[in-house]
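The opening position of the sequence shown corresponds to residue 167 in the working numbering, with each subsequent residue numbered one higher.
Please read the structure below before turning to the comments.
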Amino acid sequence: MDVTDATFESAVVERSRTVPVVVDFWAAWCGPCLTLGPILEREVARRDGGVELAKLDVDANPRVAGEFGIQSIPAVKAFRDGRVVAQFVGAQPTAAVSRFLDALAPSQAELLAAKGDEASLRKALELEPERADAAVPLARLLLGRGDCQQALDVLAKVPGNFAADGLAARIRLQMAGVADVEPAFAALDQGDKDHALDLLISAIRPSRHERDDLRRVVVGILDELGADDPLVPASRARLASALY
167 MDVTDATFES AVVERSRTVP VVVDFWAAWC GPCLTLGPIL EREVARRDGG VELAKLDVDA
227 NPRVAGEFGI QSIPAVKAFR DGRVVAQFVG AQPTAAVSRF LDALAPSQAE LLAAKGDEAS
287 LRKALELEPE RADAAVPLAR LLLGRGDCQQ ALDVLAKVPG NFAADGLAAR IRLQMAGVAD
347 VEPAFAALDQ GDKDHALDLL ISAIRPSRHE RDDLRRVVVG ILDELGADDP LVPASRARLA
407 SALY
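In C-alpha cells, the structure reads:
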C-alpha cells in the first residue's frame with residue numbers, strides 16, 4: 167500500500183502494533199528503488215499476511231522522510247509495536263530481503279503466548295523457556311488455582327523481568343501467610359491497581375523483613391502499567407520515599 171505524510175501514523179505506526187509493517191522509502195527517479203521494490207513486494211506476499219508492506223514516496227512526503235532521517239534511498243525500515251526494530255539502506259538481493267523479513271515474523275512461541283490459554287502457554291515455554299509473556303500469565307493461572315510452588319518454578323526461569331519478579335514476590339508473601347497485605351492483593355485481582363499500590367507502599371516499613379518482596383511487588387505492578395500510565399510517577403515517588 168502507498169502511504170503519505172497524512173496516513174503514516176495510522177497505516178504504519180499504529181498498524182505495526184498488530185502486525186509488522188515494512189516501509190519502503192523510495193522515489194520514481196531512483197533506479198535501485200525500482201529494483202528493490204518488486205523484490206520486497208514478492209517476498210512480503212509470500213508471507214501471507216505475516217508482514218505488511220507500505221511504500222512512501224520521499225519526494226511527495228518530505229515530512230515523514232525528514233522525521234526518519236532518510237538521506238539515501240532505497241531505505242527500508244521495519245516497524246513493530248509502534249517503533250523501528252530493523253532497517254537497511256540500498257538495494258539488496260532476494261536472499262537478504264528474505265532473511266530480513268523472516269526475522270520480523272513472530273516465532274511459534276510468540277504466537278502461542280498470544281493465545282493465552284494454559285496449554286498454549288505451556289507449549290510456548292517448552293519452545294522458549296525464558297518468555298516472560300508466557301511465564302507470567304501461566305503463573306497467574308497456577309496461582310489462581312492454588313498451585314503456588316509450580317507458579318514459582320515457572321517464574322524462576324524468567325530472570326531479570328520485573329513483572330515476573332513481582333509476581334514471584336507476591337506468591338512468597340502469600341505462602342508465608344503475611345495477612346496484612348491480602349487486602350492489597352484482593353484489590354489487585356479486582357483490577358483496582360490504585361488502591362493496591364496505596365496499600366502495598368503503605369506496608370513498606372524500614373524494619374520490616376518482607377520489605378524487599380513488597381518492593382518487588384510494587385515495581386512489578388508499575389512495570390506492567392507502563393511509563394505512560396498516570397499512576398506510575400506518583401507511585402514511584404511514594405515508593406522511593408518509603409524505601410529511603
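Just so you know, even glycine gets a beta-carbon here, dropped at the ideal spot from N, CA and C.
Remember, predicted model here, so these are calculated numbers, not experimental data.
Quick one: what's got a C-beta closer than 7 Å to residue i's C-beta in the same chain, skipping five residues either side?
i, result
"T201", "A257"
"I337", "L309, C314, A317, L318"
"I165", "Outside the shown range of the chain (167 to 410) lies residue 165, about which nothing can therefore be said."
"P272", "none"
"D171", "N227, R229, V230"
"R213", "L267, A271"
"S264", "E209"
"F328", "V385, G386, D389"
"Y410", "none"
Rounded to whole angstroms, what's the CA-CA distance from residue i to residue j? Just pull it up for me.
i, j, result
"E296", "A393", "23 Å"
"E276", "F234", "28 Å"
"G332", "A352", "15 Å"
"V230", "R183", "19 Å"
"K221", "V189", "6 Å"
"Q237", "M167", "22 Å"
"F245", "D360", "33 Å"
"D268", "K281", "21 Å"
"L304", "D283", "8 Å"
"S407", "D355", "26 Å"
"A211", "G232", "28 Å"
"G326", "Q340", "22 Å"
"P422", "T173", "Not covered by the structure: residue 422. The range shown for the chain is 167 to 410."
"S373", "Q253", "51 Å"
Is it right to say residue i is buried, meaning 16 or more other beta carbons lie within 10 angstroms of its own, or is it exposed?
i, result
"A298", "buried"
"V250", "exposed"
"D395", "exposed"
"G386", "buried"
"A403", "exposed"
"E175", "exposed"
"G261", "The question names Gly, but residue 261 is Ala in the sequence shown. The residue in question, A261, is exposed, as its Cβ has fewer than 16 Cβ neighbours within 10 Å."
"P186", "buried"
"A342", "exposed"
"R382", "buried"
"E292", "exposed"
"A322", "exposed"
For residue i, I'd like the list of residues in its chain whose CB is within less than 6 Å of its CB, leaving aside the five on either flank, ordered along the chain.
i, result
"L278", "S286, K289, A290"
"V324", "E296, A298, A301, A330"
"L405", "I367, V384"
"A241", "F191, V255"
"G216", "A271"
"L307", "E284"
"E294", "A275"
Leaving aside the five residues before and after residue i along the sequence, list all residues of the same chain whose C-beta is less than 8 Å from its C-beta, in chain order.
i, result
"D346", "A369"
"P349", "L365"
"G203", "D190, W192, K221, P240"
"G248", "V179, E180, S182, R183"
Please give me, in chain order, every unbroken run of the alpha helix (DSSP H) with length at least 4 that falls completely inside the segment 210 to 234. Fully enclosed alpha helix (DSSP H) runs of 4 or longer: 228 to 233.
The segment 365 to 376 in contact with the segment 310 to 319 per 3-pair CB rule at 8 Å: Contact between the segment 365 to 376 and the segment 310 to 319 is absent, because fewer than three Cβ pairs lie under 8 Å.
Restricting to runs no shorter than 3 residues, where is the beta strand (DSSP E) found entirely within the segment 228 to 267? Taken in chain order, the complete beta strand (DSSP E) segments of 3 residues or longer contained in the segment 228 to 267 are 241 to 246, 249 to 255.
Can you find at least 3 beta carbon pairs, one from the segment 394 to 407 and one from the segment 373 to 380, that sit closer than 8 Å? In the pairwise beta carbon analysis, the segment 394 to 407 is classified as not touching the segment 373 to 380: fewer than three pairs are separated by under 8 Å.
Between the segment 207 to 214 and the segment 174 to 181, do three or more beta carbon pairs fall short of 8 Å? Verdict: no, contact absent.
List, from N- to C-terminal side, the alpha helix (DSSP H) runs of 4 residues or more that fit wholly inside the segment 280 to 309. Counting only runs of 4 or more, we get 284 to 293.
Going along the chain, which unbroken runs of the alpha helix (DSSP H) with 4 or more residues stay wholly within the segment 366 to 406? The segment 366 to 406 contains these whole alpha helix (DSSP H) runs: 377 to 391.
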